[in-house]
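Chains as they are written, first to last, in the working numbering: chain A, 79 to 551; chain B, 818 to 991.
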């Protein structure tokens, strides 16, 4: 008998999707769609926070509701809610298509929630596919983009290829153990992880999650997709989608029990490669969204350091890093949406004189970029400190040194953006950016959160630590 | 090598060859027909592995229903053959090169690891009723999730189709 109460947040999200589905059938009314999206996503966020204490197994044991999954669901929902907050000016999307836009966003959120709770390889695969497919379509929602469907198609081809590889890996794992249930795998994998079939299957099955997180060999879609998508969709990919990828990656790596040096070496390789490739490529970017895409690739590398440490501190650090990435990346995209009128793409120098045009946004951008670069006292510094400490516990000092060098490289381009916002004089008379009161409050909330997370991370790290309790043997 | 292994390798080669032909043909009808061959070979593979039910599903659903639908659509809209590649060849090489190296490294490790790597699985032949009961009893969440996936794909297809049409009509009326 299924305990339906545990499944309430997902059912609610499905129902919210149903609302937008009915809106799709009629004539497009952007104002109504936006209001509905705001209310539904805010209520959903409250609901996921309220259900954070739920625990249990549903659907014949393939769906696990625990603190880990519920907190991640709340994080994913915050990503959804924040993305909808940016949709007041959805000029990058055709007016008649707004309800479809929200519907796909809603279904993608639902899929990511399912992903956070899935403990069966089959369910994991399908929920990953739903969330990816919604995003492929959402990337193509950009109105009048000169390159047309090419970036979305590229994203799709990459996604399809890596999910095929992942499915092959799942098949090998299933073949080796005769079960695809994580609870059963958990007891058997650590002892057999160095067997070639298990190892191969495991590493191949990680590829789908690497694709989602945009880790090095699977990151090539990121810059084009970020650039081509409507700003709100890029923000969603950079926030909610990354959090969901971290949730499932931590769960998968926890399966190995951190016992395998071979798996650790694979993860160290992808971590170093994505940090370096992401940071070096980001230095050459002029378009802000491309720059943020490459910075996402670099940050995926830092997150991997926490995950590959495979100890309590590492998982805690990875979860905290996911939270901090969401806040910082969202703040950057908030500024991009406001600074780019009419949903255009903007170059870094278009931010010139931002501190006069919109002081609140400039301050938020300053803190977000400091956080991304890991400068105290921001939340990004705490996150980096946690993952580096976890790596030190495992005796990976050299990896931390490589990461620190990468942080120094990243300072170059983050400070480049800041220089444009604060010190470059605009070419013409600066025009003030109209920032409405709710938006100003949102920016202030982000500022407070980024500083508070840097100064008093204790409660958040304690929560992240409690979440990892079920993952360690 | 047993006779089953010989059959397995023949069928596997057939699947790879026909799938490769399917994605390289410029003429859509040819591509679809090669895909049908690939699906039927996959069905044979399932049959060989002791899963006749899945094999029959493969023939009826994939090779039969879906591919016939594909053929109808291709013939109805008469797509012009020889459209350009959607993105430059360099991207293909980068993508498949990088992913290919990753996969090849893992596979080489699997193949060069000695006979203990192979682990025979017990063949499981289930009756259709038992299979259906298992699927809808143990994994009905997955079945329901697939329906959401299909909804998303449907919306995506609709959006792609409409966006293309709007662009065309926009070009005609300057």
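Glycine included, C-beta positions come from ideal geometry on N, C-alpha and C. Predicted model, so just to flag it, every value in this text is computed and none were measured.
**Asked** Is there at least one Cβ from chain C nearer than 7 Å to residue 204 of chain A's Cβ?
**Response** Chain labels in this structure do not include chain C; the protein chains are A and B.
**Item:** Min CB distance residue 820 of chain B to chain A below 7 Å
**Value:** What you label residue 820 of chain B is simply residue 3 of the second chain in a count that begins at 1. Not one chain A Cβ lies under 7 Å of residue 820 of chain B.
**Asked** Terminal residues of the continuous beta strand (DSSP E) containing residue 142 of chain A?
**Response** The residue you call residue 142 of chain A lines up with position 64 of the first chain. It spans 141-143 - the beta strand (DSSP E) in which residue 142 of chain A sits, taken as one unbroken run.
**Prompt:** Who are residue 97 of chain A's beta bridge partners in DSSP?
**Reply:** Here the question's residue 97 of chain A lines up with position 19 in the first chain. None, per the DSSP bridge assignment.
**Message:** Judging by CA-CA distance, which residue of A/429, A/196, A/129, A/347 is the nearest neighbour of residue 476 of chain A?
**Reply:** In the first chain, counting from the first residue as 1, residue 476 of chain A sits at position 398. The shortest C-alpha separation from residue 476 of chain A is found at A/347.
**Item:** For residue 934 of chain B, the three-state DSSP class (helix, strand or coil)
**Value:** Locating residue 934 of chain B in the second chain gives position 117, where the first residue counts as 1. Because the pLDDT of residue 934 of chain B is 49, which lies under 50, any placement of that residue in the model is unreliable, and the number read from its coordinates should be weighed accordingly. Reduced to three states, the DSSP call for residue 934 of chain B is helix.
**Prompt:** When Cβ atoms are compared, which residues of the segment 822-851 of chain B fall closer than 9 Å to chain A?
**Reply:** none
**Prompt:** Roughly how many whole angstroms lie between the Cα atoms of residue 274 of chain A and residue 249 of chain A?
**Reply:** As a first step, residue 274 of chain A is located in the first chain; it is residue number 196 there, counting from the start. As a first step, residue 249 of chain A is located in the first chain; it is residue number 171 there, counting from the start. Roughly 14 Å between the two C-alpha positions.
**Item:** Own chain, CB closer than 7 Å to residue 532 of chain A, minus 5 neighbours either side, in chain order
**Value:** Here residue 532 of chain A refers to the residue found at position 454 when the first chain is read from its first residue. Result list for residue 532 of chain A: 454, 455, 456, 457, 459, 460, in chain order.
**Prompt:** Contact check, residue 324 of chain A vs residue 388 of chain A under 8 Å by CB: the rounded distance?
**Reply:** In the first chain, counting from the first residue as 1, residue 324 of chain A sits at position 246. In the first chain, counting from the first residue as 1, residue 388 of chain A sits at position 310. The pair is not a contact, with the Cβ atoms about 14 Å apart (cut-off 8 Å).
**Prompt:** Can you find a CB in chain A that lies within less than 7 Å of the CB of residue 934 of chain B?
**Reply:** By one-based count along the second chain, residue 934 of chain B stands at place 117. Here residue 934 of chain B scores only 49 on pLDDT, less than 50, and its place in the model is too uncertain to base an answer on.
**Request:** Can you grab the Cα-Cα spacing for the pair residue 837 of chain B / residue 853 of chain B, in whole Å?
**Result:** Sequence index remark: in the second chain, residue 837 of chain B carries index 20 (1-based). Sequence index remark: in the second chain, residue 853 of chain B carries index 36 (1-based). Near 12 Å, if we compare the C-alpha coordinates of residue 853 of chain B and residue 837 of chain B.
**Message:** Quick check: the Cα distance between residue 464 of chain A and residue 400 of chain A, rounded to an integer number of angstroms?
**Reply:** Here residue 464 of chain A refers to the residue found at position 386 of the first chain. Here residue 400 of chain A refers to the residue found at position 322 of the first chain. Cα-Cα distance, rounded: 12 Å.
**Request:** Determine, using beta carbons only, whether residue 973 of chain B comes closer than 7 Å to chain A.
**Result:** Position 156 of the second chain, counting from 1, holds the residue named residue 973 of chain B. Closer than 7 Å to some Cβ of chain A, the Cβ of residue 973 of chain B qualifies, so yes.
**Request:** For residue 878 of chain B, return the contacting residues in chain A, with the cut-off set at a CB-CB distance below 9 Å.
**Result:** In the second chain, residue 878 of chain B corresponds to position 61, counting from 1. Within chain A, no residue comes near residue 878 of chain B; the closest Cβ sits about 17 Å away, beyond 9 Å.
**Request:** Measure the Cβ-Cβ separation of residue 184 of chain A and residue 95 of chain A and say whether it is below 7 Å.
**Result:** To locate residue 184 of chain A, count along the first chain from 1; it is residue 106. To locate residue 95 of chain A, count along the first chain from 1; it is residue 17. In contact: residue 184 of chain A and residue 95 of chain A (Cβ atoms closer than 7 Å).
**Request:** Return yes when at least one heavy atom of the ligand HEM lies under 6 Å from the C-beta of residue 511 of chain A, else no.
**Result:** With respect to the ligand HEM, the structure shown offers nothing to examine, as it has no ligands at all.
**Item:** Beta-carbon gap between residue 26 of chain A and residue 162 of chain A smaller than 7 Å
**Value:** Here chain A covers residues 79 to 551 and nothing more, so residue 26 of chain A does not appear.
**Prompt:** residue 962 of chain B CB to nearest chain A CB: under 7 Å?
**Reply:** Locating residue 962 of chain B in the second chain gives position 145, counting from the first residue. Closer than 7 Å to some Cβ of chain A, the Cβ of residue 962 of chain B qualifies, so yes.
**Asked** So, do the segment 259-270 of chain A and the segment 221-228 of chain A have three or more beta carbon pairs nearer to each other than 8 Å?
**Response** no
**Message:** Which same chain residues end up closer than 7 Å to residue 298 of chain A when comparing Cβ atoms and leaving out the 5 residues on each side of it in sequence?
**Reply:** One-based indexing of the first chain puts residue 298 of chain A at position 220. Closer than 7 Å at the Cβ level, and outside the excluded window around residue 298 of chain A, lie 236.
**Prompt:** Roughly how many angstroms separate the alpha carbons of residue 240 of chain A and residue 967 of chain B, rounded to a whole number?
**Reply:** Reading the first chain from its first residue, position 162 is the one you call residue 240 of chain A. Reading the second chain from its first residue, position 150 is the one you call residue 967 of chain B. Rounded to whole angstroms, residue 240 of chain A to residue 967 of chain B spans 20 Å at the Cα level.
**Message:** Which of the three DSSP states is assigned to residue 309 of chain A in this structure?
**Reply:** In the first chain, residue 309 of chain A corresponds to position 231, counting from 1. Correct three-state label for residue 309 of chain A: helix.
**Message:** Just checking: is the beta-carbon of residue 208 of chain A within a distance shorter than 7 Å of some beta-carbon in chain B?
**Reply:** Position 130 of the first chain, counted from the start, is the residue given in the question as residue 208 of chain A. Yes, contact with chain B.
**Message:** Can you look up residue 198 of chain A in the DSSP assignment and give me helix, strand or coil?
**Reply:** The residue given as residue 198 of chain A occupies position 120 in the first chain. Strand, per DSSP.
**Item:** chain A within 7 Å of residue 870 of chain B, Cβ atoms only
**Value:** For the purposes of this step, residue 870 of chain B is taken as the residue at position 53 of the second chain. With 7 Å as the cut-off, residue 870 of chain B does not count as an interface residue toward chain A.
**Item:** Three-state secondary structure (DSSP) of residue 419 of chain A
**Value:** Here the question's residue 419 of chain A lines up with position 341 in the first chain. Here residue 419 of chain A sits in helix by DSSP.
**Message:** Would residue 545 of chain A and residue 467 of chain A qualify as a contact pair, given that the criterion is a beta-carbon distance under 7 Å?
**Reply:** By 1-based counting over the first chain, the position of residue 545 of chain A is 467. By 1-based counting over the first chain, the position of residue 467 of chain A is 389. Not closer than 7 Å, so no.
**Cβ of residue 200 of chain A within 7 Å of any chain B Cβ** = As a position in the first chain, residue 200 of chain A is number 122, starting the count at 1. By this cut-off, residue 200 of chain A is an interface position.
**Per-residue DSSP class, three states only, for residue 837 of chain B** = As a position in the second chain, residue 837 of chain B is number 20, starting the count at 1. Residue 837 of chain B: helix per DSSP, three-state reduction.
**Prompt:** Considering only the beta carbon of each residue, do residue 450 of chain A and residue 499 of chain A sit closer than 7 Å?
**Reply:** Position 372 of the first chain, counted from the start, is the residue given in the question as residue 450 of chain A. Position 421 of the first chain, counted from the start, is the residue given in the question as residue 499 of chain A. No, Cβ-Cβ distance for residue 450 of chain A and residue 499 of chain A is not below 7 Å.
**Message:** What does the alpha-carbon distance come out to for the pair residue 950 of chain B and residue 371 of chain A?
**Reply:** Position 133 of the second chain holds residue 950 of chain B. Position 293 of the first chain holds residue 371 of chain A. Going from the Cα of residue 950 of chain B to the Cα of residue 371 of chain A covers about 46 Å.
**Item:** Residue-level contact to chain A via CB, residue 965 of chain B, 7 Å cutoff
**Value:** Indexing the second chain from 1 puts residue 965 of chain B at position 148. Judged by the 7 Å Cβ criterion, residue 965 of chain B is in contact with chain A.
**Prompt:** Of all Cβ atoms in chain A, is any one closer than 7 Å to the Cβ of residue 969 of chain B?
**Reply:** Along the second chain, read from residue 1 onward, the residue named residue 969 of chain B stands at position 152. Cβ-Cβ to chain A under 7 Å: yes for residue 969 of chain B.
**Asked** Are there three or more Cβ pairs, one per stretch, closer than 8 Å when the segment 479-491 of chain A is compared with the segment 512-526 of chain A?
**Response** no
**Coarse secondary structure for residue 220 of chain A, derived from DSSP in three states** = Indexing the first chain from 1 puts residue 220 of chain A at position 142. DSSP places residue 220 of chain A in strand when its eight states are reduced to three.
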